[in-house]
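Going by the UniProt record's numbering, the sequence shown opens with residue 1, and the numbers climb by one from there. Below is one structure, written out as structure tokens; comments come after it.
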Amino acid sequence: MTTRRIVVGYDRSDDAKAAAAWALDEASRTGAPVEFLYAYEWPVWAPTASMVPATSIWPDGETDRAIKDTLNTAVADAKQNFPAVRTTLSLVYADAAVTLIDRSAEASLVVLGSRGHSAVAGLLGSVSAAVSAHAHCPVVVVRGQPAGGPVVAGVDDSASARSAAFFAADQALARRAPLRLLRAWKPVTGLWEATPLVTRQVTSTERQSFDELVAIVRDKYPGLEIVADAVVDHPADALAKASATAQLLVVGSRGRGAVRSALLGSVSQHLLRHSACTVVVIHNA
């Protein structure tokens, strides 16, 4: 069992509560402690006219108490529903994305809701893009309603594909669910689209690296039910379709380098917005 904590970006929103439930369920299987984190920047502003009273540049006592009450309630609910899971809470007056990325260096997972009331869980904006792209551990974006179905891993020839496949296999094994490994090749468009050269079929040469990865996963997880699909479709569309019947969708990232910016690739960005199920973004080891 792992002892590295699971960090949950938490506020009072329903999506944050769904993220907490996902994290606690995961922790109940792995033995990891769960940290409820509320991070935000208090607006720092002062009027130019000296005769106008300036607003406070630090949270007032009422705001502070309200946030702590929210976190205490989350921890109390966690202890009632998951008594074996160790929980802590943190209130940080700092940039949410920077704080979560920093916390991820010592975490096994960062778990976030798809939307929320605060920057921590406002997942479809800059915070989600930055955390998902630059975290040092897998980032879980909880979407949709908990359901059955397979765990789906979207793979390609990138360095993170194997890590995504293994993470998905571990999740499938723990959840007693089948694993679906999905590789999609973009269809040919434009000038060559209507020529006889385009068969819209994946050739054995094209899928060789995919077949090799599937063989590795089958060898490492001999008791796991594995389905391997090679399709001609845009990867974002293929994975979004697969999410409709999946309980978890796992994809790799393009890394954490500054040159690659705070944004993920177009496929990951699309899935963070449009997946019907929870998405996990895996980073290169």
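Note that beta-carbon positions come from the ideal geometry of N, C-alpha and C, so glycine has one too. Note that the structure is a prediction, hence the values are computed from the model and not measured.
Counting C-beta pairs with one atom in each stretch, the segment 80 to 88 and the segment 19 to 30 have three or more that are closer than 8 Å, which means they touch. A residue is called buried when at least 16 other Cβ atoms come within 10 angstroms of its Cβ; residue 14 does not meet this threshold and is exposed. Taken through DSSP and simplified to helix, strand or coil, residue 278 comes out as strand.
Per DSSP, reduced to three states, the secondary structure at residue 182 is strand. Approximately 6 Å separates the beta-carbon atoms of residue 282 and residue 253; this is inside 8 Å, confirming the contact. Under the 8 Å Cβ criterion, the segment 200 to 207 does not count as touching the segment 159 to 178, having fewer than three qualifying pairs. Around residue 160, the same chain offers 252, 253, 282, 283, 284 as residues with beta carbons nearer than 7 Å, after the five sequence neighbours per side are excluded. Taking residue 93 as reference, the option from 18, 180, 182, 64 with the minimal CA-CA separation is 64. Nearest to residue 132 by C-alpha distance, out of 207, 230, 96, 157, is 96.
Distance between residue 165 and residue 178, taken at the CA atoms: about 13 Å. If you check the CB distance, residue 108 and residue 6 come in under 8 Å. For residue 245, the CB contacts under 8 Å within the same chain, skipping 5 residues up- and downstream, are 149, 150 in chain order.
In this structure, the straight-line span from the alpha carbon of residue 219 to that of residue 228 is close to 14 Å.
Boundaries around residue 113 are those of the beta strand (DSSP E), 107 to 113, since no alpha helix (DSSP H) includes it. In the DSSP assignment, residue 218 falls within the alpha helix (DSSP H) that extends over 208 to 220. In the DSSP annotation of this structure, the continuous segment of the beta strand (DSSP E) that includes residue 154 starts and ends at 151 to 154. Across the structure, residue 75 and residue 276 are spaced so that their CA atoms are roughly 28 Å apart. Judged by beta-carbon spacing, residue 240 lies within the 8 Å limit of residue 270, meaning their Cβ atoms are closer than that value. By the criterion of a C-beta distance shorter than 8 Å, residue 101 is surrounded in its chain by 130, 131, 134, 135, 136, once the five residues flanking it on both sides are discounted. Only residues of its own chain outside the window of five on either side were considered, and among them 169, 172, 173, 179 have a CB closer than 7 Å to the CB of residue 224, listed in chain order.
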